[in-house]
Every structure is written in C-alpha cells, then in structure tokens.
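First to last, the sequence lines map onto chains A and W. In this text, residue positions in the first sequence follow the working numbering: the first is 116, and each later residue adds one. In this text, residue positions in the second sequence follow the working numbering: the first is 713, and each later residue adds one. Quick reminder that beta carbons are idealized off the backbone N, C-alpha and C, glycines included. This report refers to the structure that appears directly beneath it.
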Amino acid sequence: MTDPCASERDGDLVVLGGGPAGLAAAATAAEDGLRVLLLDSTPWLGGPIWRPGPGATPPRVAQRWLARADSAGVTIWPQATAFAACPPDVLHVERGRDVCRVRWKQMILAVGAHELFLPFPGWTLPNVMGAGGLQLLVKSGWPVRGRRVVVAGTGPLLLAVAAYLVRQGAHVSDILEQASWSALAQFASRLAWLAPSKLWQAATLQTRLLRTRYRPGCWPVAAHGADRLDAVTFTDGTRRWTRDCDVLACAFGLVPQLRWPGLLHCRLTPRGVWVDDYQRTSCDRVWAAGEITGLGGVDLALVEGQIAGHAAAGNNLAAARWFARRARLQRFAAQLDRCFQLRTELRFLPTPETVVCRCEDVTWRAIEACSDVRAAKLYTRCGMGSCQGRICQTALQFLQNWSADHVRPPAAPVRVGSLAGADQEHADAERTELP
Amino acid sequence: MTDLTIRVNGRPLRVPTGLTVAAALAMADVPAFRRSVHGQPRSALCGMGICAECRVTIDGLAHQRSCVVLCREAMEVVTDD
Numbered sequence: 116m117t118d119p120c121a122s123e124r125d126g127d128l129v130v131l132g133g134g135p136a137g138l139a140a141a142a143t144a145a146e147d148g149l150r151v152l153l154l155d156s157t158p159w160l161g162g163p164i165w166r167p168g169p170g171a172t173p174p175r176v177a178q179r180w181l182a183r184a185d186s187a188g189v190t191i192w193p194q195a196t197a198f199a200a201c202p203p204d205v206l207h208v209e210r211g212r213d214v215c216r217v218r219w220k221q222m223i224l225a226v227g228a229h230e231l232f233l234p235f236p237g238w239t240l241p242n243v244m245g246a247g248g249l250q251l252l253v254k255s256g257w258p259v260r261g262r263r264v265v266v267a268g269t270g271p272l273l274l275a276v277a278a279y280l281v282r283q284g285a286h287v288s289d290i291l292e293q294a295s296w297s298a299l300a301q302f303a304s305r306l307a308w309l310a311p312s313k314l315w316q317a318a319t320l321q322t323r324l325l326r327t328r329y330r331p332g333c334w335p336v337a338a339h340g341a342d343r344l345d346a347v348t349f350t351d352g353t354r355r356w357t358r359d360c361d362v363l364a365c366a367f368g369l370v371p372q373l374r375w376p377g378l379l380h381c382r383l384t385p386r387g388v389w390v391d392d393y394q395r396t397s398c399d400r401v402w403a404a405g406e407i408t409g410l411g412g413v414d415l416a417l418v419e420g421q422i423a424g425h426a427a428a429g430n431n432l433a434a435a436r437w438f439a440r441r442a443r444l445q446r447f448a449a450q451l452d453r454c455f456q457l458r459t460e461l462r463f464l465p466t467p468e469t470v471v472c473r474c475e476d477v478t479w480r481a482i483e484a485c486s487d488v489r490a491a492k493l494y495t496r497c498g499m500g501s502c503q504g505r506i507c508q509t510a511l512q513f514l515q516n517w518s519a520d521h522v523r524p525p526a527a528p529v530r531v532g533s534l535a536g537a538d539q540e541h542a543d544a545e546r547t548e549l550p
Numbered sequence: 713m714t715d716l717t718i719r720v721n722g723r724p725l726r727v728p729t730g731l732t733v734a735a736a737l738a739m740a741d742v743p744a745f746r747r748s749v750h751g752q753p754r755s756a757l758c759g760m761g762i763c764a765e766c767r768v769t770i771d772g773l774a775h776q777r778s779c780v781v782l783c784r785e786a787m788e789v790v791t792d793d
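Structure representation (structure tokens):
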C-alpha cells in the first residue's frame with residue numbers, strides 16, 4: 116500500500132514567501148540555529164519589490180539578505196506553491212509537476228500584498244494594468260520604450276513607477292493622484308519631520324518627471340478601445356479630459372494576501388493579520404511578518420521579519436531590540452494611510468454594464484442585486500473563477516463594504532492532479548530529509 | 713545576454729534569456745493573451761501571478777500564468793485560446 120504521506124520533508128521552521136519579510140525571517144531564524152525551509156511561488160527571490168530589471172542585479176540590500184540566508188544554511192525552494200495544510204501540520208506544496216508534503220513545527224507567514232484593482236468602464240481592456248504590475252512586467256522584459264503611458268491612482272508608488280517608466284524610455288504624459296492638494300501638503304509637512312530622507316527621495320523622483328503633468332485631485336473614469344487601450348478619460352470631479360495613450364497603469368493601493376492566514380484561521384484586524392509584540396499570530400506556532408500584518412513597506416517588513424525569525428527561534432531578547440524601530444516605521448505607515456485614503460467618488464465608477472468579476476465576466480448590475488459576497492458567489496459566480504476572488508472581492512470590500520468570504524483550500528491555484536495527489540510516483544522520488 | 717527561440721502561435725520568436733512569457737508576447741505585439749468567458753480580449757494585469765488574466769497554453773499545458781513563467785528554448789506558446 117502506498118503511504119499517503121510519502122515524500123515528506125521536515126524542518127524546524129517553514130517560511131511562506133521569499134520577499135523581504137520572509138528572507139529576513141528565514142535568515143535570522145537560521146542564524147539563531149533553526150533548520151529553515153523557505154518557499155516562494157515565483158522563480159525569483161526578494162518579492163516583487165526587489166525584482167531586478169532585465170540584465171540588472173538585485174539591489175544591494177537584497178543581495179545582503181540573500182547572502183545571509185545562504186550562509187546561514189536556509190533551504191530555498193523557488194517556484195514552490197504551498198496550497199493546503201492537511202492535516203494542519205503537513206503542508207502540500209506543488210513544485211512544477213510534483214507535489215511534496217512538508218511537515219512543519221513552526222511557520223512564519225510572509226506572503227505579502229497585492230495591488231487593489233478598482234473597476235471602471237474599460238478596465239478589462241488589454242494594456243490597462245496595475246502600476247506595480249506594469250513595473251514588474253517591464254522588469255521581466257515587457258517593452259515600454261516610446262509608449263504613451265498615463266499613471267493613475269494614489270500614493271508615492273505613482274511617482275516611483277512613473278520615474279521608472281521614464282527611465283525605461285516611456286512617455287508618461289500624466290500622473291493622476293486621487294488625493295487632493297491639501298491632503299498632499301499635509302503629508303509633505305509631516306514627512307519632513309517624520310522621515311526627511313523620504314522627502315528627499317520624493318523630490319529626486321520629481322526631477323525625472325519634468326515632462327509629466329502631476330494632477331492631484333484627479334482620477335480615471337473610463338478607458339477606451341476596441342481590442343486594446345486607445346485612450347483614457349479622467350476627471351477632477353467637475354471637468355473631464357480624454358488623453359490618447361497606449362498604457363494606463365493604475366495603483367489604488369495594496370491589500371494584504373490573506374488566503375493563508377484565513378486557511379489557518381488566524382485572527383484578523385481591519386489592517387491584516389493580528390500579531391502580538393513578537394509577531395506571533397493567534398494560531399499556535401504560527402508567526403506573521405511584513406505586509407500581511409498591515410501595509411508598511413520594505414523597511415518595516417525587514418524589521419518584522421527579523422523579530423519573527425528571532426522569536427520563532429526562542430530568542431525573544433534579540434527580537435525585542437527591534438521594537439522601537441518597528442514602532443517608528445508603523446507611525447510612518449499610518450501617516451501614509453491617512454493621507455492617501457481613497458475618495459468616495461471611486462465607488463461610483465462602475466456602470467451597470469461594467470464587468471467587475473473578470474474571471475467570470477459578472478457585471479456590476481448583477482452584483483449590486485446581491486446582499487453579500489456569499490450571495491454574489493451563489494447567484495452570479497462572482498469570485499469563483501481562476502483568481503478565486505483576489506481581484507473582485509478586494510474591490511467589493513471597497514465598493515460595497517462587503518467582508519471577505521471564508522477561505523477554503525486550495526490557497527493558490529494548482530493543477531487538479533496536485534490536489535488528487537495523482538503524481539504519487541514523482542512524489543515518492545522526493546522522499547528525502549532536509550540536509 | 714544570450715538569445716533563445718520560442719514559438720508563439722507557431723511563429724518563431726528570438727528573445728533574450730530571463731524574459732517572462734508575458735514579456736515575450738508583448739514583444740511579439742500579441743494584444744489578447746486569452747478570451748474571457750464572454751469572448752472579450754484580455755492581457756496581463758497584476759504582473760505577479762495573482763489575477764490569472766495572462767493565462768496561455770505553454771507546451772500543451774493550459775492555463776499557465778505567463779507573467780510568472782520564464783521563456784525556455786523551443787517553448788511552444790499558444791494564445792487567445
């Protein structure tokens with residue numbers, strides 16, 4: 116009889132997510148003496164933020180953490196998608212065409228965040244993209260030289276992405292910042308005493324954008340085109356303009372990826388996963404670090420990762436040394452949050468015909484007739500497609516104030532064969548212990 | 713950077729190594745990576761394997777998210793299925 120738990124590996128600590136928080140957590144815990152296995156579902160380490168451009172090397176801080184993880188003996192699996200925990204202490208991981216089972220004693224969740232996408236007429240057209248998404252695509256070779264780009268949404272990411280695109284040869288005609296001038300002025304004045312270096316960063320970004328119109332208090336209302344984007348219409352609430360463009364890059368903010376915390380029944384707060392001072396979640400032997408505990412950027416993610424790594428290794432004294440720095444970075448994040456809150460007008464962008472669930476082509480008219488996420492799922496198939504609601508359900512949290520539905524496995528899209536454990540022969544070949 | 717050759721809808725395409733399939737398709741000026749359930753053209757949105765809008769068929773395996781797959785020599789990519 117085939118052992119259903121064949122192909123087991125184990126480690127003291129399994130870290131989900133190889134971005135800044137995950138890398139810092141894994142390296143720190145390994146340096147403190149734990150045997151660590153780090154899983155990332157992409158071919159790259161360092162998360163979206165540290166993805167190097169074509170032919171470029173990762174930023175120096177990324178190289179430092181990768182070297183630390185390496186010399187501390189962290190076992191790293193790229194392109195490994197953990198999709199279920201069943202029984203709870205056994206992770207099921209898809210690697211290419213194989214499935215592995217990983218028995219874990221402790222786990223650190225560091226699965227990061229993704230962009231919030233808001234529906235408006237025409238947002239499903241090819242070349243309407245996430246701003247962070249476009250930057251990632253350009254880093255992986257997506258051509259933008261000579262393309263006319265409009266960047267829209269909110270927050271400092273707009274400037275960073277626009278500056279990056281200009282350096283890559285794109286023509287960024289407009290940046291539409293939905294926050295008002297007064298919100299921005301307030302932010303700038305607070306920035307000056309909270310974090311002067313960030314203000315300097317913002318100023319240097321601006322100088323690269325001399326030929327770009329920066330338009331606070333403006334937002335997109337429609338994208339036009341037949342088979343791909345031709346133009347975008349935007350407004351300041353009273354007037355409307357239409358601009359011809361090849362690409363519209365939207366950044367309405369980030370949302371923590373809560374599928375894994377949901378699957379493990381971790382307690383949540385409105386900002387993300389609830390954690391105590393030592394980054395411990397409400398779930399036994401599970402820690403969380405980085406964007407999933409509340410958005411705060413790469414510096415905060417690194418600090419939280421180190422606290423979680425130390426704490427998982429039982430080194431609470433070393434963890435506590437980072438508390439003050441974490442508190443400072445959290446204050447900065449809260450400031451950002453307040454200044455770049457999304458305006459109510461953005462809730463009224465979809466028309467009855469606008470597709471809101473892109474996987475199942477469910478329109479705003481069909482969804483508006485429903486009372487909550489569950490009803491929308493049952494009656495319209497909204498959120499039941501390939502992305503499993505990652506795009507439409509996060510949008511509906513903003514549009515309708517609907518809370519997210521329960522998470523059921525799989526936590527990530529995998530092949531049916533992986534679910535069925537059909538690749539048992541491959542799996543058997545994997546039966547080895549961690550070094 | 714060395715080049716490699718993939719096939720996009722039967723046509724050969726030279727790409728540098730390290731490119732994702734999504735980027736190669738954009739280089740080849742493919743507008744629609746896939747059709748939605750009602751036949752609308754769709755292309756990459758999130759760039760990080762979340763939204764699944766950039767799905768294509770790679771070497772006969774359907775529903776591969778092209779933004780998180782790197783090009784390999786002799787890879788066969790089929791779009792707009």
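7 Å Cβ cut-off: residues of chain A touching residue i
i                 : result
Met760 of chain W : Pro163, His229, Gly248, Leu251
Thr732 of chain W : Ser255, Gly256
Ala738 of chain W : Trp257, Pro258
Arg724 of chain W : Note that residue 724 of chain W is Pro in the sequence shown here, rather than Arg. The premise fails here: Pro724 of chain W is roughly 17 Å from chain A at the closest Cβ pair, so nothing lies under 7 Å.
Residue i: contacting residues in chain W (beta-carbon distance under 9 Å)
i                 : result
Arg505 of chain A : Cys758, Ile762, Cys763, Ala764
Cys201 of chain A : Residues of chain W passing the Cβ test: none, with the nearest at roughly 23 Å.
Thr239 of chain A : Ser748, Gln752, Pro753, Arg754, Leu757, Glu765
Asp232 of chain A : It is worth fixing the name first, because residue 232 of chain A is Phe in this sequence and not Asp. Correct list: Leu757, Cys758, Cys763.
Pro311 of chain A : Correct list: empty, because the minimum Cβ distance to chain W is about 32 Å.
Pro467 of chain A : The contacting residues do not exist; Pro467 of chain A stays about 15 Å from chain W at best.
Where residue i meets chain W, residues with beta-carbon distance less than 7 Å
i                 : result
Asn242 of chain A : Ser755
Gly245 of chain A : Leu757, Cys758, Gly759
Pro335 of chain A : Per Cβ cutoff of 7 Å: no residues; Pro335 of chain A is ~15 Å from chain W at best.
Rounded Cβ spacing between residue i and residue j (contact assumed at less than 8 Å)
i                 : j                 : result
Val477 of chain A : Trp517 of chain A : The pair is not a contact, with the Cβ atoms about 14 Å apart (cut-off 8 Å).
Ile762 of chain W : Arg505 of chain A : 5 Å
Pro163 of chain A : Ala267 of chain A : That pair is no contact at about 19 Å.
Asp415 of chain A : Leu373 of chain A : The question names Asp, but residue 415 of chain A in the sequence shown is Leu. Not confirmed; about 18 Å, so no contact.
Arg216 of chain A : Leu206 of chain A : 7 Å
Ala552 of chain A : Ala136 of chain A : Since the first and last residues shown for chain A are 116 and 550, residue 552 of chain A lies out of range.
Val151 of chain A : Thr190 of chain A : 7 Å
Asp342 of chain A : Ala744 of chain W : 7 Å
Gly429 of chain A : Leu138 of chain A : So it is not a contact: roughly 20 Å between Cβ atoms.
Ala799 of chain W : Gly248 of chain A : What is shown of chain W runs 713 to 793, which leaves residue 799 of chain W out entirely.
Contact list for residue i against chain A, beta-carbon separation under 9 Å
i                 : result
Met787 of chain W : None at all; the shortest Cβ gap to chain A is about 14 Å.
Residue i, enclosing alpha helix (DSSP H) - first and last residue
i                 : result
Cys507 of chain A : 507-515
Trp180 of chain A : 175-186
Pro465 of chain A : Pro465 of chain A -> no alpha helix (DSSP H), and no H or E assigned at all.
Phe447 of chain A : 438-454
Trp479 of chain A : 479-483
Val531 of chain A : 531-535
Leu417 of chain A : 413-427
Contacts of residue i in chain W (Cβ-Cβ under 8 Å)
i                 : result
Ser156 of chain A : Gly761, Val780
Asp342 of chain A : Pro743, Ala744, Pro753
Pro173 of chain A : In chain order: nothing, as chain W lies at least about 13 Å away.
N- and C-terminal bounds of the beta strand (DSSP E) containing residue i
i                 : result
Glu230 of chain A : 228-230
Leu152 of chain A : 151-154
Leu461 of chain A : No beta strand (DSSP E) contains Leu461 of chain A, which DSSP labels as neither H nor E.
Met244 of chain A : 243-245
Thr196 of chain A : 195-200
Ala403 of chain A : 401-403
Leu716 of chain W : 715-720
Glu209 of chain A : 205-210
Residues that residue i contacts on chain A, provided the C-beta gap is smaller than 8 Å
i                 : result
Gln776 of chain W : Here the premise fails: no neighbours, minimum Cβ distance about 10 Å.
Residue-chain proximity (residue i, chain D), Cβ-Cβ < 8 Å
i                 : result
Arg530 of chain A : Judged by its chain identifiers, the structure shown contains no chain D, and its protein chains are A and W.
Subject >> Segments assigned beta strand (DSSP E), at least 3 residues, entirely inside the region 267-325 of chain A >> reply: Residue ranges of uninterrupted beta strand (DSSP E) with 3 or more members, entirely inside the region 267-325 of chain A and ordered along the chain, are 286-292.
Original post:
Looking at chain W, which residues of the region 469-483 of chain A have a Cβ within less than 8 Å of any of its Cβ atoms?
Top reply: Shown in chain order are the members of the region 469-483 of chain A whose Cβ falls below 8 Å from a Cβ of chain W: Val470, Arg473, Cys474, Glu475, Asp476.
Subject >> Near-chain W residues of the region 373-389 of chain A (beta-carbon distance less than 7 Å), N- to C-terminal order >> reply: From the region 373-389 of chain A, no residue has a Cβ closer than 7 Å to chain W.
Original post:
Could you give the uninterrupted runs of the beta strand (DSSP E) lying entirely in the region 311-393 of chain A, keeping only those of 3 residues or more?
Top reply: Counting whole runs of 3 or more residues, the region 311-393 of chain A contains the beta strand (DSSP E) stretches 328-331, 334-339, 346-350, 355-359, 362-366, 369-371.
Original post:
According to a CB-to-CB cut-off of less than 8 Å, which residues of the region 492-504 of chain A neighbour chain W?
Top reply: Against chain W - using a Cβ distance shorter than 8 Å - the residues of the region 492-504 of chain A are Gly500, Ser501, Cys502.
Original post:
Looking at chain W, which residues of the region 511-522 of chain A have a Cβ within less than 7 Å of any of its Cβ atoms?
Top reply: Listed in sequence order: no entries.
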